[in-house]
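Take UniProt numbering: the final residue in the sequence shown is number 120, and no numbers are missing along the way.
Ideal Cβ placement from N, Cα and C applies to all residues, glycine included.
Single-structure report; data block below.
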Amino acid sequence: GTWEVNGSWQSERGPCVLQEYDKFRENVKNSSDKAFDKPICEAMLNQKYFNGIGNYLRAEHLVPLEVINLGGKGYDPEHSYDYSQFENWLRCYFVPGMKTLKDSNGRTIWFQGDPGPLAP
1 GTWEVNGSWQ SERGPCVLQE YDKFRENVKN SSDKAFDKPI CEAMLNQKYF
51 NGIGNYLRAE HLVPLEVINL GGKGYDPEHS YDYSQFENWL RCYFVPGMKT
101 LKDSNGRTIW FQGDPGPLAP
């Protein structure tokens, strides 16, 4: 589709999370839709449910709790020589046994172990 200034959303897009919150909430509760049979990193890109926010949610909210607890300790300028907490947190890069797959949008997903039945 295309976007136009002062235009409207395409008919297949879901309600706006900011201006139509109640409709948005009801829409995403429809978890029986086949769109939710995909890995969460792909389901969140479905504009029917996550209109304009899916990539943001995927990038900013699908993070392990360890990242939050790490705080600013990974790149602390006063202790730039000590990356131990950051290195201990790493789950993907430089970690033996890590695997990657590309989702249907060509984006890389890092994981460990069996990707399971919902692998892209």
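Where residue i sits in the DSSP three-state scheme
i	result
Leu101	strand
Ile109	strand
Glu26	helix
Asp33	coil
Leu62	coil
Ala43	helix
Glu12	coil
Cutoff 8 Å; reference residue i; Cβ partners in own chain excluding five residues on either side
i	result
Arg16	With the sequence shown as reference, residue 16 is identified as Cys, and Arg is not the correct amino acid for it. Same-chain partners within the cutoff: Trp9, Phe24, Asn51, Gly52.
Whether residue i touches residue j by CB criterion (7 Å)
i	j	result
Asn30	Gly14	no
Glu108	Lys99	Per the sequence shown, residue 108 should be read as Thr rather than Glu. No, the Cβ-Cβ distance between Thr108 and Lys99 is not below 7 Å.
Cβ distance (whole Å) where residue i is taken to contact residue j below 8 Å
i	j	result
Leu62	Asn55	No, Leu62 and Asn55 are not in contact; Cβ-Cβ is about 11 Å, not under 8 Å.
Cutoff 7 Å; reference residue i; Cβ partners in own chain excluding five residues on either side
i	result
Ser104	Glu42, Pro120
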